[in-house]
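For reference, the structure discussed in these notes is given below.
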Amino acid sequence: MSSDLQDQDFTDELEHDEELWNPGHRACAGCGPALAMKYITEAAGENTIISQPTGCMEVVSTPYPESSWGTSYIHNIFENGASVASGIEAAYKAFDRRDPDHLDVQDSDDLNIIAVGGDGATADIGIRALSGMMERGHDVLYIMYDNEAYMNTGVQRSSQTPFGASTTTSPAGDESIGNDTNKKDMTSIAADHGVEYVATASISNPHDFKQKVEKALEIDGPKFLHVYSPCPVGWSYESSKTVELAELAVETGLFPVFEMEDGEITSVNKISDRKPVREWLEKQGRFKHLFDGEEPSEEAIEELQTWIDERAEDLGLDA
Amino acid sequence: MSESEDPYENLTITTGAVVEPNTSRVNKTGSWRQFKPVINVDACIACGQCDTYCPDQAAKPVEGEDYYGFDLDYCKGCGICEEVCPTDAIDMIREEK
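Sequence order for the protein chains is P and F. Taking our numbering, the leading residue of the first sequence gets 1, the next gets one more, and so forth. Taking our numbering, the leading residue of the second sequence gets 1001, the next gets one more, and so forth.
And the structure:
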């Protein structure tokens, strides 16, 4: 290797913007959720209060006395990201009503209150708080970043872990093909609460994701976004493949990208020539056991493919 | 890059464990790196895909030039930039330390 490449260093000559998601955070190399946090701050801007329950992104961004956030930020315990965001919103409205000049923010429409939880904190542990937030109608955008298991504590399955994935609490073995449930449909749960705007997005398409964050923040009342963000450690793949795997999950239909308004699907990111899920599975160590050529493994892949095909038909995913 | 204060100076635990924003910049994650991104400045078209997909804000335009470079203080060497670069202008090389 030539030494001039070893010496190449532009560190002191770079043009940095005023980033609201700062470097120095302790996320693993190639972290998908860290990209989601970057896009959320870029779309929402600095006039934002983030409420974040325990999870990877909380742990990596706020080890005392450091913070990676340029926005206002509050960490709360695992189950109540949505509750704390609800309280902030209610307090803000009360202050504003009593004394409209009390706060710097002139109009409540200028302030963004966003709760950002992982799949475990949202779909499992925090779902009661989230349900309450949506049912009471708080003006909060809830964003679930989905890395398909409890990664921070060591890859335990969550209700977003896909069928067939080996995790530490759904290990593959002689009698097990790994996790034996499909992903819980959080978008329908949110829509059935009467949430006006519900959407899914993937970190492989930041433009689309940021547009959805901006659109959601324009709407009064609760909003729910589900953003797909791969984890190199928990899924066991090379850190450089994060964007590729997020895109493949969309192209295989495992993670459909769509919007729902007032309970109806209003736009679907159509897929032409949808790829078989096998292409996505074989790139990840957590599905390695499904490629041993045995019959139960083949059946498991078939079962996951059938689930995807049925959802694709329901959503009208195929172009 | 904006200078943020050193949060470890006069460290005490505040009520509610409140911390200042933008302070994680003191943590230079570049030390984690095993592979280092290098740019072929002639092949770079300054599209900014590496910047868009960098989780560590480490791929940025070089001042006064029409190509991108890498902030080695923070780059963890994940290699996403090499994958997303449309002109293959980025190579990951094993870093000799």
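Positions of the beta carbon are idealized from the N, C-alpha and C atoms, including for glycine.
Around K275 of chain P, the same chain offers E251, T252 as residues with beta carbons nearer than 6 Å, after the five sequence neighbours per side are excluded. Put simply, the backbone Cα of S72 of chain P is about 30 Å away from that of S239 of chain P. For the pair of segments examined, the segment 27-39 of chain P was found to touch the segment 1077-1089 of chain F: the number of CB pairs separated by less than 8 Å reaches three.
Judged by beta-carbon spacing, E1083 of chain F lies within the 8 Å limit of E244 of chain P, meaning their Cβ atoms are closer than that value. The beta carbons of S170 of chain P and D124 of chain P sit no closer together than 8 Å. Here Y1008 of chain F is exposed: its Cβ has fewer than 16 other Cβ atoms, across all protein chains shown, within 10 Å. At a Cβ-Cβ threshold of 8 Å, V1026 of chain F and D1006 of chain F count as neighbours. When CB distances to chain F are screened at a threshold of 8 Å, the residues of the segment 233-244 of chain P falling below it are E238, S239, S240, K241, T242, V243, E244, in chain order.
Cβ-Cβ distances below 6 Å link G1030 of chain F to L1072, D1073, Y1074, C1075 in the same chain, with the five nearest sequence neighbours on each side left out; the list follows chain order.
Taking all protein chains in view, the Cβ of H16 of chain P is surrounded by fewer than 16 other Cβ atoms within 10 Å, so the residue is classified as exposed. Among the CB atoms of chain F, none fall inside 8 Å of the CB of C56 of chain P.
Residues P162, F163, L304, W307 of the same chain have their beta carbon placed closer than 8 Å to that of N182 of chain P, with the five preceding and five following residues left out of the count. Sequence-ordered contacts of the segment 1053-1077 of chain F with chain P read Y1053, P1055, D1056, Q1057, A1058, K1060, P1061, V1062, E1063, G1069, F1070, D1071, L1072, D1073, Y1074, K1076, G1077 [C-beta pairs closer than 7 Å]. Judged by beta-carbon spacing, G1069 of chain F lies within the 8 Å limit of E13 of chain P, meaning their Cβ atoms are closer than that value. Under DSSP, the beta-bridge partners assigned to K1036 of chain F are F:I1093. For the pair of segments examined, the segment 72-91 of chain P was found not to touch the segment 1041-1048 of chain F: the number of CB pairs separated by less than 8 Å stays below three. Per DSSP, reduced to three states, the secondary structure at Q160 of chain P is coil, with no helix or strand assignment. With a cut-off of 8 Å on Cβ pairs, the segment 124-133 of chain P is not in contact with the segment 204-212 of chain P, counting fewer than three such pairs. Per DSSP, reduced to three states, the secondary structure at G24 of chain P is coil, with no helix or strand assignment. Within 7 Å of the CB of K215 of chain P, no CB atom of chain F is found; the nearest one sits about 20 Å away.
The Cβ of H16 of chain P sits closer than 8 Å to at least one Cβ of chain F. One finds nothing in chain F with a Cβ atom closer than 7 Å to the Cβ of P53 of chain P; even the nearest lies about 16 Å away. Straight across, the Cα-Cα distance linking Q284 of chain P with W235 of chain P is about 6 Å.
Neighbours of Y228 of chain P across chain F, judged by C-beta separation under 9 Å, do not exist; the nearest C-beta is about 14 Å away. Beyond the five residues adjoining it in sequence on each side, A300 of chain P comes within less than 8 Å, by CB distance, of F163, G164, I177, G178, L290 in the same chain, given in chain order.
For S51 of chain P, the closest alpha carbon among the candidates P:L141, P:Q8, P:D110 is that of P:L141. Within chain F, the residues placing a beta-carbon under 9 Å from that of L5 of chain P are K1036, V1038, D1091, I1093, ordered along the chain. Residue nearest to E279 of chain P within the set P:N269, P:V59, P:L254, P:E294 is P:L254 (criterion: CA-CA distance).
Of all C-beta pairs linking the segment 111-119 of chain P to the segment 33-47 of chain P, three or more are shorter than 8 Å, placing the two stretches in contact. Nearest CB-CB separation between N22 of chain P and chain F: below the 8 Å threshold. Note on P1055 of chain F: 16 or more other CB atoms within 10 angstroms of its CB, so buried under the neighbour-count rule. In the DSSP assignment, W69 of chain P is bridged to P:W21.
Counting the other Cβ atoms within 10 Å of the Cβ of H226 of chain P gives 16 or more, which makes it buried. Distance between P222 of chain P and E196 of chain P, taken at the CA atoms: about 7 Å.
Secondary structure at A246 of chain P: helix, using DSSP grouped into helix, strand and coil. Assigned with DSSP and collapsed to three states, I88 of chain P falls in helix.
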